[in-house]
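This report refers to the structure that appears directly beneath it.
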Amino acid sequence: MSPHDLQTRLAADIADAPDLGALESVRVAALGKSGSVTALLKSLGAMDADSRAVEGPRIHALREAVTAALAAKKAALEDADLAKRLATEHVDLSLPAPDPLRGSIHPVSQVMDELTEIFADLGFAVAEGPEVEDDWHNFTALNIPETHPARAMHDTFYLSGTQDHPMVLRTHTSPVQIRTMMAESPPLRVIAPGRVYRSDSDATHTPMFHQIEGLVIDRKIHMGHLKWTLETFLKAFFERDDIVLRLRPSYFPFTEPSAEVDVGWSMDRGRRVVGGSEGWMEVLGAGMVHPRVIANCGLDPDEWQGFAFGTGVDRLAMLKYGMDDLRAFFDGDLRWIRHYGFSFLDVPTLSGGVGA
Ligand code: 2NL
Numbered sequence: 001m002s003p004h005d006l007q008t009r010l011a012a013d014i015a016d017a018p019d020l021g022a023l024e025s026v027r028v029a030a031l032g033k034s035g036s037v038t039a040l041l042k043s044l045g046a047m048d049a050d051s052r053a054v055e056g057p058r059i060h061a062l063r064e065a066v067t068a069a070l071a072a073k074k075a076a077l078e079d080a081d082l083a084k085r086l087a088t089e090h091v092d093l094s095l096p097a098p099d100p101l102r103g104s105i106h107p108v109s110q111v112m113d114e115l116t117e118i119f120a121d122l123g124f125a126v127a128e129g130p131e132v133e134d135d136w137h138n139f140t141a142l143n144i145p146e147t148h149p150a151r152a153m154h155d156t157f158y159l160s161g162t163q164d165h166p167m168v169l170r171t172h173t174s175p176v177q178i179r180t181m182m183a184e185s186p187p188l189r190v191i192a193p194g195r196v197y198r199s200d201s202d203a204t205h206t207p208m209f210h211q212i213e214g215l216v217i218d219r220k221i222h223m224g225h226l227k228w229t230l231e232t233f234l235k236a237f238f239e240r241d242d243i244v245l246r247l248r249p250s251y252f253p254f255t256e257p258s259a260e261v262d263v264g265w266s267m268d269r270g271r272r273v274v275g276g277s278e279g280w281m282e283v284l285g286a287g288m289v290h291p292r293v294i295a296n297c298g299l300d301p302d303e304w305q306g307f308a309f310g311t312g313v314d315r316l317a318m319l320k321y322g323m324d325d326l327r328a329f330f331d332g333d334l335r336w337i338r339h340y341g342f343s344f345l346d347v348p349t350l351s352g353g354v355g356a
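Each residue of the sequence shown is one higher than the one before, counting from 1 in our numbering.
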């Protein structure tokens, strides 16, 4: 077929194409690998120079014309499609809007806020410090000897400090209280909530977890103050009056005497809950601040005493809200958080305070 005849036929096919699919078939049949226009272009190679000089411009003009006709028809079909959709589809503004995706407060943040509120009521300020600590604030000042297992590489994340200034990811929040004692003058009442790190990972341990420690430094402070404070805090936190405490003698390098603090539990609808006295579970470690720690912070241990305590925030959250898998805390799965009924509107208030 001559270029002229082919152009007439293709122009008709293009004009007749009822939709974009049909138009694409016309394009392939003309310009595709074995298309009619492509075949004409290929035939140029076999012509002698004179014929090619005549046919070449014609065939190239044909290709240009077909390409332009295809583009024009495509635009027309798309315009027609859009016009049809505009005519038939419409937005019903009276329909209710879809719910926006809402996040919620994380149980750990929630519990940290609750703890801050409870201790604020008891006159404690919140202290903060770096998560990358030096070995002196994290271990030495706390009377933790060079040979203590906590200092081993397999328990602590070491960073590249210098030979005489080794750096670690803090293994507890105690260095925050050390910094507070060095920077401020007693009497002191502070809590230090925050992230801590240990080289540990299994079903019940994550390499990063959350701790809260408390510190009181004053004159004539004794274990009675410690026990009352912990009892008042646990009653407010678990929202029960039947909280019983048991202090068992223990050992920490930074306190003397030291105690492990157990709280009574009871069964409630098949669950073990805090409160009552069917059994004991450990919830805190505590003690009187070791005089060497007080002296390390530049205070006179004959004048100043104090108590300190520490506990895991993740564990407190699990106990209070009945969550049983620690790892879910770090998955960021909204279904999990909704299952436990957390709402972004849940924020603790002072109105439910401890009344101290
Ligand atoms: C536990 C035990 C504890 C402390 C933390 C502390 C801090 C300073 C001085 C003395 Cl600056 N003590 N903190 C004391 C006793 C226990 O934590 O089982 N934590 C999860």
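Even glycine gets a Cβ: it sits at the ideal position worked out from N, Cα and C. Every value quoted in this text rests on a predicted model; they were computed, and no experiment measured them.
Rounded to whole angstroms, what is the Cα-Cα separation between residue i and residue j?
i: K42; j: I59; result: 10 Å
i: G264; j: D242; result: 9 Å
i: P100; j: L245; result: 45 Å
i: R52; j: L31; result: 20 Å
i: R170; j: T156; result: 8 Å
i: T206; j: D302; result: 40 Å
i: G201; j: M267; result: The residue asked about is misnamed: residue 201 is Ser in this sequence, not Gly. Answer to the nearest angstrom: the Cα atoms are 30 Å apart.
i: S258; j: M318; result: 25 Å
i: A61; j: H90; result: 44 Å
i: G21; j: R63; result: 21 Å
i: A141; j: H165; result: 14 Å
i: L159; j: N296; result: 24 Å
i: F238; j: E133; result: 33 Å
i: V354; j: R240; result: Any reading at V354 is ruled out, since the residue's pLDDT is 48, under 50, leaving its predicted position unreliable.
i: A434; j: L93; result: Examination of residue 434 is not possible in this model, given that the chain is present from 1 through 356 alone.
i: G56; j: V66; result: 16 Å
Going by C-alpha to C-alpha distance, which of the options sits closest to residue i?
i: M167; options: T180, M153, Q177; result: M153
i: L284; options: R292, L247, V293; result: L247
i: A15; options: L70, V54, T180; result: L70
i: L215; options: L188, I144, M112, H4; result: L188
i: E184; options: I217, W228, M208, A328; result: I217
Identify whether residue i lies in helix, strand or coil by the three-state DSSP scheme.
i: A152; result: coil
i: P107; result: helix
i: E64; result: helix
i: F309; result: strand
i: T147; result: coil
i: S160; result: strand
i: V354; result: Annotation note: pLDDT 48 at V354 (below 50); position unreliable, coordinate value reported separately. Coil.
i: V91; result: coil
i: W136; result: helix
i: V190; result: strand
i: R269; result: coil
i: D184; result: It should be pointed out that residue 184 corresponds to Glu in this sequence rather than to Asp. The answer is coil: DSSP assigns E184 none of H, G, I, E or B.
i: M318; result: helix
i: V261; result: strand
i: G285; result: strand
Answer yes or no: do residue i and residue j have a C-beta to C-beta separation smaller than 8 Å?
i: V289; j: F252; result: no
i: I221; j: F124; result: no
i: P193; j: F342; result: no
i: M182; j: G279; result: no
i: A46; j: S36; result: no
i: A127; j: V176; result: yes
So is the beta-carbon of residue i under 7 Å away from any non-hydrogen atom of the ligand GTP?
i: S36; result: Looking for the ligand GTP in the displayed structure turns up nothing; the ligands present are the ligand 2NL.
With a cut-off of 8 Å, does the C-beta of residue i fall near any C-beta of chain D?
i: D268; result: Absence of chain D from the displayed structure is noted, only one protein chain being present.
- prompt: With distances taken from each beta carbon to the nearest heavy atom of the ligand 2NL, which residues come in below 7 Å, in chain order?
  reply: That gives L142, H172, S174, Q177, I178, M181, Q211, E213, L215, F252, F254, T255, S258, L284, G285, A286, G287, V289, H290, V293, A308, F309, G310, T311, G312.
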